[in-house]
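Take the sequence shown: its position 33, counted from the start at 1, is 901 in the working numbering, and no numbers get skipped.
First up is the structure itself, then whatever we jot down about it.
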Amino acid sequence: MATTSTRLSKQARREQLLNTAVTIVRTQGADGLTLVTLAEAAGVSRPIVYDHFGTRPGLLLALYRRLDERHRAAIAEALQETGPTAGEIARVISAAYFACATDMPELGSISAALKGNPEMGTIQREMLGSYTDLMAAELLPHSALAPEALRLRCVGVLGAAEAVAAELNRGRASADDAVTALSDLIMGGLGTRTDR
């Protein structure tokens, strides 16, 4: 059993474990990530890892949530720095979405490993709601649609974004083409073309 003499706070240890987990998934895929492999790679005892995550699905869910939080934070930060037009907002949302999709390919691997897990379904619905609300709030001042109608279109656009990201990750589309396609879909869903 591997141990480390460095004493970290519970939160700092959790961050260390999640950082190590990302590295394992990037190098070995989600199948290579277990509580045991994480303990060994992080240089801690198994009980420490079990104390933080309980089970392998608990670990994968925590990692998925963390990566998603980073994804949303990157989009929110990019939106703070964007111009005021709908076209600029659409382009920033699209570029940030695909940057995260290509920079964090482990999200798909983790999602596949958790397929069928009921908690994963709940998390994904929460995430979709959060992304939808963020997108709709940014676009609402530029749309002629009622808020509920715009929100529903954002749901559809995010479904399309996932499909385009899959094409990008398979090498069937360039990043520029993916951003342009998603930007066009966002703009087409606004119900107005006056703010291009």
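For each residue, glycine too, the CB sits at the ideal point set by N, CA and C.
None of the values given here were measured: they were computed from a predicted structure.
- If you ignore the 5 residues before and after A1029, its C-beta comes within less than 7 Å of the C-beta of Y965 and L1050, all in its own chain and listed in chain order.
- If you draw a 10 Å sphere on the C-beta of D936, you find 16 or more other C-beta atoms in it, and that means buried.
- The beta carbon of Y918 sits closer than 7 Å to those of L903, all from its chain and outside the five residues before and after it, given in chain order.
- Excluding sequence positions up to five before and after R1021, its CB lies within less than 6 Å of the CB of G1057, all in the same chain and listed in chain order.
- For S998, the enclosing alpha helix (DSSP H) begins and ends at P986 to L1007.
- By the Cβ-count criterion, A1004 is buried, with 16 or more other Cβ atoms from all chains shown falling within 10 Å of its own Cβ.
- The Cβ atoms of L1002 and V1025 lie no closer than 8 Å to each other.
- If you draw a straight line from the Cα of G1039 to the Cα of C968, it is about 16 Å long.
- When rounded, the separation of the alpha-carbon atoms in Q948 and A880 is 29 Å.
- Within the model, the alpha-carbon separation for G897 versus S979 is close to 11 Å.
- Counting along the chain, G976 sits inside the alpha helix (DSSP H) bounded by residues E974 to A981.
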